[in-house]
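So for the sequence shown, this note's numbering puts the first residue at 34; every next one is plus one. Beta carbons: idealized from backbone N, C-alpha and C, even for Gly. The block underneath contains the structure these notes are about, expressed in structure tokens.
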Amino acid sequence: MLNDKSILITGGTGSFGKKFVETVLANYAPRRVIIYSRDELKQFEMQQTFNQPCMRYFIGDVRDAQRLTLAMQGVDYVVHAAALKQVPAAEYNPMECIKTNINGAENVIQAALSNQVQKVIALSTDKAANPINLYGATKLCSDKLFVAANNIAGNNPTEFAVVRYGNVAGSRGSVVPFFDKLIRDGYDHLPITHAEMTRFWITLDQGVDFVLKNFARMKGGELFVPKIPSIRITDLATAMAPQLPQKIVGIRPGEKLHEVMCPADDSYHTYEFKDYYVIAPSISFNHRNDDFSTNALGQKGKAVTEGFEYNSKNNDHFLSIDEMRALNRQVMA
């Protein structure tokens, strides 16, 4: 699928971008892989590992529409991973979050349309479903922009889709490296925001694999949600440091007790497939078939029941403490 193709990843020096590049180079023979990001030091460090002839590194911000349009020339596939993601930081710096997550999303869309990119997948978050914090609200706006872009495209061949998933185990900003640092620094307890808190849990490998599969599955306009397990934060702390007491410190600004990926209000246009869900657009596309119960590969899904909600509290799959220990060893290796 990606052989002899040009792929651009915004925010490509992040955890997802590095794993995505590693996976693509191991399994495909792309013509170009373009890292588009604003941190020259991270790009320099990434070049020490990924310096194959197909690699390109562009300094640029998604807020810069002109630079983004230039970088996307001749590109076939785009993964939009750039975002401001820290929930408390977004609460205290709302306009900066809006400029990157909403205005940046619009710039990616316009650049892709201008260059007639084949397919664009934007990464979203469980915090965009029924958002209560600014980060989630900006990502919901971004999701809506990418879905509507399929209608704006008209006869333009570019297709847009969204991938939404939960916390990435071991990624930058994840609680796993945070707990690990506290343990290594000799802290006498682990801070827990709330004893009942749950989260969806996915590895970087699973996230990258899901995105790659959805390039083949997408028709344009879908919001893809993987079926993944949940964890209890208290169980995670126990798995990492059973000898340490846990101290409740309170929920941070804008933080949820449980996360949602498929809201009940979207159940009327949500379809269940074998290992994922699709939330179909609530708007109609005038230029093509709007049936999202079958994906581009011909695989069929089924409509969920009215009021269905996929949330981390009521998930039917929770990781055990032993499973978390094994996963942590894998992601922290």
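Is it buried or exposed, residue i, if we count other Cβ atoms within 10 angstroms and call 16 or more buried?
| i | result |
| --- | --- |
| Glu192 | buried |
| Val159 | A quick correction: the sequence has Asp, not Val, at residue 159. Buried, by the Cβ-count rule. |
| Asn344 | buried |
| Ile40 | buried |
| Leu156 | buried |
| Gln150 | A quick correction: the sequence has Val, not Gln, at residue 150. Val150 should be labelled buried. |
| Pro259 | buried |
| Glu229 | exposed |
| Val282 | exposed |
| Tyr125 | exposed |
| Pro262 | buried |
| Asp349 | exposed |
| Leu330 | exposed |
| Ser353 | exposed |
| Glu255 | buried |
| Ser315 | exposed |
For a test of the three-state rule: what should DSSP assign to residue i, helix, strand or coil?
| i | result |
| --- | --- |
| Thr82 | coil |
| Pro210 | helix |
| Gln279 | strand |
| Arg71 | coil |
| Met273 | helix |
| Tyr90 | strand |
| Thr43 | strand |
| His302 | helix |
| Thr105 | A small fix is needed here, since residue 105 is Met in this sequence, not Thr. Met105: coil per DSSP, three-state reduction. |
| Arg65 | strand |
| Asn200 | strand |
Can you list, in chain order, the residues of its chain whose CB lies under 7 Å from that of residue i, leaving out five sequence neighbours each side?
| i | result |
| --- | --- |
| Gly253 | Asn183, Glu192, Phe193, Ala194 |
| Cys87 | Pro63, Arg64, Arg65, Val66 |
| Arg71 | Ile92, Gly93, Asp94 |
Considering only residues of the same chain and omitting the five flanking positions on each side of residue i, which have a CB-CB separation below 6 Å?
| i | result |
| --- | --- |
| Ala98 | Asn140 |
| Leu277 | His222, Leu223 |
| Asn163 | Val293, Pro296 |
| Arg265 | Thr231 |
| Val153 | Val111, Ala145, Phe193 |
| Thr56 | Val241 |
| Lys280 | His222, Pro224 |
Quick one: what's got a C-beta closer than 8 Å to residue i's C-beta in the same chain, skipping five residues either side?
| i | result |
| --- | --- |
| Glu339 | Ser300, Tyr301 |
| Val337 | Cys295, Ser300, Thr303, Tyr304, Glu305, Tyr310 |
| Ile165 | Gly287, Lys289 |
Just confirm the distance between the C-beta atoms of residue i and residue j, as a whole number of angstroms; I'd bet it's less than 8 Å.
| i | j | result |
| --- | --- | --- |
| Val66 | Arg89 | 7 Å |
| Val208 | Leu269 | 7 Å |
| Phe257 | Val196 | 5 Å |
Worksheet entry | Those runs of the alpha helix (DSSP H) which lie wholly inside the region 153-194 and span at least 4 residues | 167-185
Worksheet item: What beta strand (DSSP E) runs, 3 residues minimum, are completely inside the region 304-358?
Response: 309-312
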